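**Q**
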Amino acid sequence: MRRPAIQIEHLSGPEDGKTVSFSKETVTIGRSNDCDICLAHDSTASRRHARLVREGGRLFVEDTGSTHGTYVNGQRIQGRAELQPNCLLRIGHSWFRIAGQ
């Protein structure tokens, strides 16, 4: 059975308005070119800032020891937080909306 894609809408930066989809279990986000979502333009994002993890039909964001933190709906998370559709995710100065999972 095929899993629904994790859909993430960029709300800022050079990709503003673009929605990307991932069918894998873990999506990495950061400044590093090897991240699934590369934020090379955002100097406040860490190289490997955070990751999205799908477990048992639920979607989580995990901060991976970033300098400036990871925020869900304006609240800084400690470690891991569950994401719901339409919630806002901020990494550095970059904003995203979780469009689907």
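Numbering (our numbering), first residue to last: 226 to 326.
The beta-carbon is built from N, C-alpha and C at its ideal position, and this holds for glycine as well.
Since we're looking at a predicted model, the values are computed, not measured.
(1) Under three-state DSSP, which class holds Q250?
(2) Going along the chain, which residues of its own chain have a beta-carbon closer than 7 Å to the beta-carbon of A220, five neighbours each way excluded?
(3) Since L284 contacts L308 with CB under 8 Å, what's their CB separation in whole angstroms?
(4) With R305 as the anchor, note down where its beta strand (DSSP E) starts and where it stops.
(5) Counting along the chain, where does the beta strand (DSSP E) carrying R315 start and finish?
(6) Work out the CA separation of R272 and G294 for me, nearest whole Å.
(7) Extract the residue ranges of the beta strand (DSSP E) inside the segment 258-297, only unbroken runs of 3 or more that lie entirely within it.
(8) Can the beta-carbon of T289 be found less than 8 Å from the beta-carbon of H274?
(9) Could you give the distance in angstroms between the alpha-carbon of I261 and the alpha-carbon of Q300?
(10) Write down the C-beta distance between I231 and R279 rounded to the nearest angstrom, noting that I regard them as a contact closer than 8 Å.
**A** Let's see:
(1) Residue 250 is actually Glu in this sequence, not Gln. In this structure, E250 counts as coil in the three-state DSSP scheme.
(2) For residue 220 there is no data in the structure shown, the boundaries of the chain being 226 and 326.
(3) 5 Å
(4) Run containing R305: 305-308, per the beta strand (DSSP E) assignment.
(5) Counting along the chain, the beta strand (DSSP E) containing R315 begins and ends at 313-316.
(6) 12 Å
(7) 275-280, 283-288, 295-297
(8) yes
(9) The sequence shown places Asp at residue 261, not Ile. The alpha-carbon atoms of D261 and Q300 are separated by roughly 24 Å.
(10) 6 Å
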